[in-house]
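Step one of this worksheet: look at the structure below.
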Amino acid sequence: GENVEQHPSTLSVQEGDSAVIKCTYSDSASNYFPWYKQELGKRPQLIIDIRSNVGEKKDQRIAVTLNKTAKHFSLHITETQPEDSAVYFCAASNAWSNFGNEKLTFGTGTRLTIIP
Amino acid sequence: NAGVMQNPRHLVRRRGQEARLRCSPMKGHSHVYWYRQLPEEGLKFMVYLQKENIIDESGMPKERFSAEFPKEGPSILRIQQVVRGDSAAYFCASSPTDRDSNQPQHFGDGTRLSIL
């Protein structure tokens, strides 16, 4: 089955600087890679996703890059703000697999702290 | 359009009791996924259901855990004879019937299960 590794487990960044979180996956059949942000006691919220036919996607201060050959993808947050502090999870799935099973395999999470 | 609804938000049970967690998917969604999140850990896939069918239960513990998604009503995750190790947050996510809709999974607020 799929295995997703995520680094670093904790990250502290000065407000205004950039933050980068990296993930690797093992299953070459995976073709969908979402990123979720989870605040304490809250639900995981999708912040950006990328499909394997695209190498990069950007949404305002957030961007995701995907290297299919190396099987890794990264989340980039620029101009960080205190409200970016949260735990971030990467995930991978094989969308459009048999029976439409798009179960997500999650990384172990990165606790991002923005220092004012 | 209401999001994924889970109840209860918090559930306290004593060892040996039964726990029932409910999930109503987003309107128009007929695919339901259950995930478990242990404290300070990532989300782990448990089971994937469509209406009246269990499609993938590869993440379910072999004993005491069961899930259903009836034709009418919410999806139910049932844990019999709970033990302390069952204490966790249980999240439900749903996705559309149409596999080509390109819509990601959206999560409910979760049920936080505490075993005394």
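Chains A and B supply the protein sequences, listed in that same order.
If you count the first sequence from 1, position 74 lands on 71 in this note's numbering, and the numbers rise without skipping.
For this note's numbering, count along the second sequence from 1 and bump the result up by 85.
Note that CB positions come from ideal geometry on N, CA and C, so glycine has one too.
These figures come from a predicted structure and were not determined experimentally.
Minimum Cβ-Cβ distance from residue i to chain B less than 8 Å
i, result
"D24 of chain A", "no"
"P31 of chain A", "yes"
"K100 of chain A", "yes"
"F103 of chain A", "yes"
"F86 of chain A", "yes"
"G106 of chain A", "yes"
Buried/exposed call for residue i, threshold 16 Cβ in 10 Å
i, result
"K34 of chain A", "buried"
"Q122 of chain B", "buried"
"E137 of chain B", "exposed"
"L201 of chain B", "exposed"
"L63 of chain A", "buried"
"Q78 of chain A", "exposed"
"E99 of chain A", "buried"
"H114 of chain B", "buried"
Residues bridged to residue i (per DSSP)
i, result
"Q78 of chain A", "The partner list for Q78 of chain A (beta bridge, DSSP) is empty, contrary to what the question assumes."
"F30 of chain A", "A:I47"
Interface flag, residue i vs chain A, CB-CB below 8 Å
i, result
"L96 of chain B", "no"
"G127 of chain B", "yes"
"Y175 of chain B", "no"
"S180 of chain B", "yes"
ask   = According to a CB-to-CB cut-off of less than 9 Å, which residues of the region 33 to 66 of chain A neighbour chain B?
value = Y33, Q35, G38, K39, R40, P41, Q42, L43, D46 and R48
message = Tell me which residues of the region 188 to 200 of chain B have at least one Cβ-Cβ distance to chain A shorter than 9 Å, keeping chain order.
response = P189, Q190, H191, F192, G193, D194, G195 and R197
query = Using a beta-carbon distance cut-off of less than 7 Å, what residues from the region 130 to 147 of chain B approach chain A?
reply = F130, Y133, I140 and D141
request  = Evaluate the contact criterion for the region 75 to 88 of chain A versus the region 108 to 121 of chain B: three or more CB pairs, one atom per stretch, below 8 Å.
outcome  = no
key: At least 3 beta-carbon pairs within less than 8 Å: the region 122 to 132 of chain B vs the region 141 to 149 of chain B   = yes
task = Would you check if there are 3 or more beta carbon pairs closer than 8 Å linking the region 22 to 33 of chain A to the region 57 to 77 of chain A?
result = yes
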